[in-house]
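What follows is a set of notes on a single structure, which appears directly below.
Protein chains: 2
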Amino acid sequence: MSADTDPGRPTTRIQREKQEVILEAALEIFSQYGFRGSTIDQIAEAAGMSKPNLLYYFKSKEDILAPILARILDTWLEPLRELDAEGDPLPELQSYIRRKLEMSRDYPRESRLFANEMLRGAPDFSNVLHNELKDLVDEKAKIIKGWMARGKIAKCDPYHLIFAIWSTTQHYADFDIQVRAVLGKERGGDGRFEDAARFLDQLFLHGLSPKK
Amino acid sequence: MSADTDPGRPTTRIQREKQEVILEAALEIFSQYGFRGSTIDQIAEAAGMSKPNLLYYFKSKEDILAPILARILDTWLEPLRELDAEGDPLPELQSYIRRKLEMSRDYPRESRLFANEMLRGAPDFSNVLHNELKDLVDEKAKIIKGWMARGKIAKCDPYHLIFAIWSTTQHYADFDIQVRAVLGKERGGDGRFEDAARFLDQLFLHGLSPKK
DNA sequence: AAATTTTTTGACCGATTGGAAAAATTCTAG
DNA sequence: CTAGAATTTTTCCAATCGGTCAAAAAATTT
């Protein structure tokens, strides 16, 4: 019998293990070459098995991508989910920014694959964007608006604020090549994330206006 | 004779015209599907000619991409080149941010193709990144540092400031699908760029600290 | 209008692709 | 140990890919 997507979850131990190996290999390949730029052979080799063997676990190339994307989106939104209406507004936002930056540092492959899908127009999960994602952002935007109304943070568009947090932090994963090239050898090392954290903290807190 | 890359530039009128048509079509296709995801047939069809006819003007797929990337990078950096050391610091930076945002609005295909290349690790112009780009950013970072030293703007890392400007503005082109999905029908229309401009102006000027 | 050069087309090629089929092997339960 | 199920490998295929080539068709020059 084939082992692919049945209503019932993977049954045997070997199925769970191999599926995990394949998804890890596929993430590596997809994030480097994009969906169409990756071949099943590449993924199979990275997973240490033959192509037909891989196709025994996932019956098509798209069936490999789908669970990866689902998992990424879930992981990706976790920091935003934790934004707490009861917390102290500014530290709450700072902590969100820091966590997003840490994700760019620790999971660059996920970030790049996600960006790749966005560039392609997100053909596979545009419904998720319009439902789960929009709902979550709507909810958190409302919280942020409440903070603004109570004078806890400056008034601004909460949606564009969230976009700014996403873009500035993800930039360090998606444009890593460019960032390291521009920073050069000395400043482009591991310390760049701490420098980025410091800068973003100041930007989102005070902007560029000089102190008086 | 073939019409492709000779030391001498395109000679005939028809060559200039067709090469332009091809590059425009290739930008459209490449920006949608990425380099490996695009086929010469697709580009040829978009350009209204047969594949062998296209290959008469550009002898390989990479030979089509190269001039597009060169042009994009040049266009892309123009706003930064214009950052004027003699200008008024804050308005100078605001104007830079605004121009970059306008480019995301007016040239989203170019932005997405550029992002695509970055995600791939910029195999074709990593040398440009380490030379022309780094030199330009170094020069402008020095200008910005001068402004900080004279107390005209707040002290911060000028490199990460430039990254923040790039990422926040380009986000509206590269993640357009996501931005529009999250903003919804009413707020996701043409007005989103004006909202973004207003928000970015405030973010880079004052950040989120509440007014006292 | 004839000669020559440039442009376009149709037919084709070898390599690679995603995937199917079935045999061969390994694992597991009785 | 043996039957049956699960896993893996070998072989193969049709479609698509980037690219070539020679000949036809336009365009240009003389």
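Chains A and B are the protein sequences, given in the same order. When we follow this note's numbering, the leftmost residue of the first sequence carries the number 202, and every step to the right adds one. When we follow this note's numbering, the leftmost residue of the second sequence carries the number 202, and every step to the right adds one. We put the CB at the ideal spot given by N, CA and C, even for glycine.
Cβ-based neighbour list, Pro268(A), same chain, cut-off 7 Å, excluding 5 preceding and 5 following: Leu224
Residue-level contact to chain B via CB, Ser327(A), 8 Å cutoff: yes
Alpha-carbon to alpha-carbon, Lys262(A) and Ile241(A): 7 Å
Unbroken alpha helix (DSSP H) run spanning Ser296(A), endpoints: 290-307
Interface residues of chain A facing Phe400(B) [CB-CB closer than 8 Å]: Cys357, Asp358, His361, Leu362, Ala365
Reduced DSSP secondary structure (H/G/I, E/B, other) of Asp325(A): coil
Check whether Leu294(B) and Ile344(B) have beta carbons under 8 Å apart: no
Cutoff 8 Å: Met319(A) Cβ touching any chain B Cβ: yes
Boundaries (first-last residue) of the alpha helix (DSSP H) holding Pro253(A): 252-258
Residues of the region 230-244 of chain A with Cβ closer than 7 Å to any Cβ of chain B, in chain order: Tyr234, Gly235, Arg237, Gly238
Length-filtered (4 minimum) alpha helix (DSSP H) runs lying within the region 324-398 of chain A: 335-350, 359-375, 377-388
Span separating the alpha-carbon of Ala398(B) from that of Gln216(A): 51 Å
Cβ-based burial, Arg214(B) [other Cβ within 10 Å; buried from 16]: exposed
Residue range of the unbroken alpha helix (DSSP H) whose run includes Gly408(A): Segment: none, Gly408(A) is in no alpha helix (DSSP H) and carries neither H nor E.
Beta-carbon neighbours of Ile354(A), restricted to chain B and to distances below 8 Å: Leu409, Ser410, Pro411
Residue-chain proximity (Gln403(A), chain B), Cβ-Cβ < 8 Å: yes
CB of Ile298(B) within 8 Å of CB of Ile363(B), strictly: no
Three-state secondary structure (DSSP) of Thr276(A): helix
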